[in-house]
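What follows is a single structure, written as structure tokens, with notes after it.
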Amino acid sequence: MYGGFTSNVDMRSGAPAFGTPEYAKAALVGGQLARRYNLPYRSSAVSASNAVDAQAGYETTWALWGAIMGGANFVMHGAGWMEGGLHASYDKMVIDADLLHMVGQFLKPLDLSDDALGIDAIAGVGPAGHFFGEAHTQARYQTEFYGPMVSDWRNWETWTEAGSPTANTRANALAREIIEQYEPPPMDDAIRAELRDFVDRRINEGGVETDF
289 MYGGFTSNVD
299 MRSGAPAFGT
309 PEYAKAALVG
319 GQLARRYNLP
329 YRSSAVSASN
339 AVDAQAGYET
349 TWALWGAIMG
359 GANFVMHGAG
369 WMEGGLHASY
379 DKMVIDADLL
389 HMVGQFLKPL
399 DLSDDALGID
409 AIAGVGPAGH
419 FFGEAHTQAR
429 YQTEFYGPMV
439 SDWRNWETWT
449 EAGSPTANTR
459 ANALAREIIE
469 QYEPPPMDDA
479 IRAELRDFVD
489 RRINEGGVET
499 DF
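Residue 500 is where the sequence shown ends in the numbering used here, and the numbering goes up by one at each step.
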């Protein structure tokens, strides 16, 4: 079962409108219906923005939270979605991947063991000390918290000295790096030729050109 597309058009203009409060509500209702009828549930993290900008970010976040709170079993169109699905962006693919990783970390259950809470370290440091030199901190500081791909946590001075890179700038650089390092998976030449023939035939029938 799929929910969310019941409110994907701006009734005033006919333009696609994703990542809205109505879209998130539809995702929640779709999830409730799926559980009522014991069906697997698919949702999306989508955006109607034409650029990798603030609109793209907050619409995708709205849509993703609708999917998560709706209890989606599978999130399709989870990264890179632009213009209501009419085009995609490498830069937004990277930003959305970071967002998905953050949500994944958020959904992990809390570890409430004594070791994770650092009860002994808290007692040992006391009110006048600090934790940076503690063995408990040293054993965890590199892996305990989420490390983002795109977010820049440097202070203002360090950030400006580095050229004041924006999230878009960092995402674009990372996307280009990933593309340059990409190695196509092995494929039998006969299968590749068959796929090429299929794509060419569909293009000749009026389909859209592709880089395949």
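Glycine included, each C-beta is placed from N, C-alpha and C at the ideal position. Nothing here was measured: the structure is a model prediction, and the numbers come from that model.
Under the three-state DSSP convention, the category residue i falls into
{"i": "Trp441", "result": "coil"}
{"i": "His389", "result": "helix"}
{"i": "Pro309", "result": "helix"}
{"i": "Ala376", "result": "strand"}
{"i": "Val487", "result": "helix"}
{"i": "Val363", "result": "strand"}
{"i": "Arg480", "result": "helix"}
{"i": "Phe293", "result": "Caution applies to Phe293, whose pLDDT of 49 falls short of 50 and renders its modelled position unreliable; the model cannot decide the point."}
{"i": "Glu468", "result": "helix"}
Nearest-angstrom Cα separation, counted from residue j out to residue i
{"i": "Val340", "j": "Asn456", "result": "7 Å"}
{"i": "Pro436", "j": "Val391", "result": "12 Å"}
{"i": "Asp488", "j": "Pro472", "result": "20 Å"}
{"i": "Trp350", "j": "Ser331", "result": "12 Å"}
{"i": "Met357", "j": "Leu398", "result": "18 Å"}
{"i": "Leu462", "j": "Val382", "result": "7 Å"}
{"i": "Asp386", "j": "Asn492", "result": "38 Å"}
{"i": "Phe362", "j": "Lys313", "result": "17 Å"}
{"i": "Tyr311", "j": "Gly354", "result": "7 Å"}
{"i": "Glu465", "j": "Thr308", "result": "33 Å"}
Residue i Cβ short of 7 Å to the ligand COA heavy atom set
{"i": "Gln393", "result": "The ligand COA is not part of the structure shown, which contains no ligands of any sort."}
Beta-ladder partner(s) of residue i, from DSSP
{"i": "Met370", "result": "His375"}
{"i": "Ser332", "result": "Met364"}
Status (buried if at least 16 other CB within 10 Å, exposed otherwise) for residue i
{"i": "Tyr429", "result": "exposed"}
{"i": "Ser401", "result": "exposed"}
{"i": "Met475", "result": "exposed"}
{"i": "Leu395", "result": "exposed"}
{"i": "Met364", "result": "exposed"}
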